[in-house]
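Novice:
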Amino acid sequence: MNLAKFFEKAFNTLIRASVDKKSDARNVVVSISDGEYPSSRIMVLREVNVEDKSFTFFSDSNSEKCKLIGMNPRGSLTVWDRKNNLQIRIRGQFVFDPDIVRYWNRLGDLAKKSYGNQPFPSMPILDRWEYDNKPEISSFTVLKFLANKFDILSLNKEKHFRAVYESRDSWKGCWVVP
Ligand SMILES: Cc1cc2nc3c(=O)[nH]c(=O)nc-3n(C[C@H](O)[C@H](O)[C@H](O)COP(=O)(O)O)c2cc1C
Numbered sequence: 001m002n003l004a005k006f007f008e009k010a011f012n013t014l015i016r017a018s019v020d021k022k023s024d025a026r027n028v029v030v031s032i033s034d035g036e037y038p039s040s041r042i043m044v045l046r047e048v049n050v051e052d053k054s055f056t057f058f059s060d061s062n063s064e065k066c067k068l069i070g071m072n073p074r075g076s077l078t079v080w081d082r083k084n085n086l087q088i089r090i091r092g093q094f095v096f097d098p099d100i101v102r103y104w105n106r107l108g109d110l111a112k113k114s115y116g117n118q119p120f121p122s123m124p125i126l127d128r129w130e131y132d133n134k135p136e137i138s139s140f141t142v143l144k145f146l147a148n149k150f151d152i153l154s155l156n157k158e159k160h161f162r163a164v165y166e167s168r169d170s171w172k173g174c175w176v177v178p
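In terms of the working numbering, the sequence shown opens at residue 1 and continues consecutively.
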């Protein structure tokens with residue numbers, strides 16, 4: 001296994017996750033900052049672009065995370081793929097994708113219900129069902145995560161191995177101690 005092949009393996013795992021509903025790696029831990037503390041939540045990986053090393057997520061545009069990303073777009077993704085014994089940690093920045101219509105039109109009615117809760121997500125309510133759902137495109141956001149660094153760890157019975165890849169090194173990568 002060389003550095004380029006290891007990077008390719010991680011990308012193939014991520015691409016698979018974006019299309020395979022049963023993949024572990026599909027539910028990504030997305031971390032940002034709330035200004036004081038790290039703030040993490042799970043999000044479904046929707047799309048992977050190998051060319052620009054970007055990762056697409058969907059969210060409610062009125063959610064807390066969108067507010068936080070507006071203030072500080074830096075974040076990280078953490079993925080664990082049990083099948084391949086691979087941990088993938090990715091650092092980068094979020095951007096709001098303006099091209100939401102084509103994604104919205106591809107969603108079924110059930111999927112659209114994940115967006116448009118009222119009052120907005122994170123608002124306090126008097127009882128657990130005291131909210132409505134009005135799925136509208138205005139409540140839908142597409143977040144694109146542009147990676148600048150990958151830290152990939154492979155767990156093995158014999159010996160683990162790990163490598164770091166950075167955009168500033170043209171992604172050539174470097175083995176590091178696991
Ligand atoms: C398996 C799973 C998948 C989830 N996928 C998403 C998702 O794709 N987008 C999203 O906004 N929230 C998703 N959530 C909910 C978030 O983890 C989080 O609870 C919610 O978005 C509110 O986060 P916020 O207050 O940071 O905005 C998912 C939760 C779970 C348990």
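Quick reminder that beta carbons are idealized off the backbone N, C-alpha and C, glycines included. Everything numeric in this text was worked out from a predicted model, so none of it was measured.
Measure the alpha-carbon distance for E51 versus Q118 and round it to whole angstroms.
Specialist: Answer to the nearest angstrom: the Cα atoms are 38 angstroms apart.
Novice: Have a look at the DSSP bridge pairing and note the partners of G180.
Specialist: Limits of the chain in this structure are 1 at one end and 178 at the other, which puts residue 180 out of reach.
Novice: What are the uninterrupted segments assigned as alpha helix (DSSP H) that are 4 or more residues long and contained completely in the stretch 103 to 175, given in chain order?
Specialist: Here the runs fully enclosed are 109 to 112.
Novice: Tell me where the alpha helix (DSSP H) around S18 begins and ends.
Specialist: First-last of the alpha helix (DSSP H) with S18: L3 to V19.
Novice: On a CA-only basis, which of N85, K21 and I100 is nearest L143? Give me that one, please.
Specialist: Checked all of N85, K21 and I100; the closest Cα to L143 is I100.
Novice: Count the other CB atoms, across all protein chains shown, that sit within 10 Å of the CB of M71; report buried if there are 16 or more and exposed otherwise.
Specialist: It is exposed - the Cβ of M71 has fewer than 16 other Cβ atoms within 10 Å.
Novice: Examine ligand 1 and report whether any of its heavy atoms sits within less than 7 angstroms of the Cβ of N2.
Specialist: The answer is no for N2.
Novice: Contact between the stretch 25 to 34 and the stretch 73 to 87 is defined here as three or more beta-carbon pairs at a separation below 8 angstroms; is this criterion met?
Specialist: Judged by Cβ distances under 8 angstroms, the stretch 25 to 34 makes contact with the stretch 73 to 87, as three or more pairs qualify.
Novice: So for R26, helix, strand or coil by DSSP?
Specialist: Reduced to three states, the DSSP call for R26 is helix.
Novice: Of the residues E158, D151 and P178, which one's Cα is nearest the Cα of E166?
Specialist: With distances taken between Cα atoms, E166 lies closest to D151.
Novice: Give me the Cα-Cα distance between N105 and G116, rounded to the nearest whole angstrom.
Specialist: Distance between the alpha carbons of N105 and G116 is about 15 angstroms.
Novice: Quick one: residues in its chain with C-beta nearer than 7 angstroms to the C-beta of P121, no 5 flanking neighbours on either side, listed in chain order?
Specialist: Here the set comprises D60, N62, S63 and E64.
Novice: Using a Cβ-Cβ cutoff of less than 8 angstroms, which residues in the same chain neighbour N20 once the five nearest sequence positions on both sides are dropped?
Specialist: First, the residue type needs correcting, since residue 20 is Asp and not Asn in the sequence shown. R26.
Novice: Apart from the five residues on each side of it in sequence, which residues of its chain come closer than 8 angstroms, Cβ to Cβ, to N156?
Specialist: The answer, listed in chain order, is N85.
Novice: So, helix, strand or coil for V238, using DSSP?
Specialist: In this structure the chain extends from 1 to 178, so residue 238 is not present and cannot be described.
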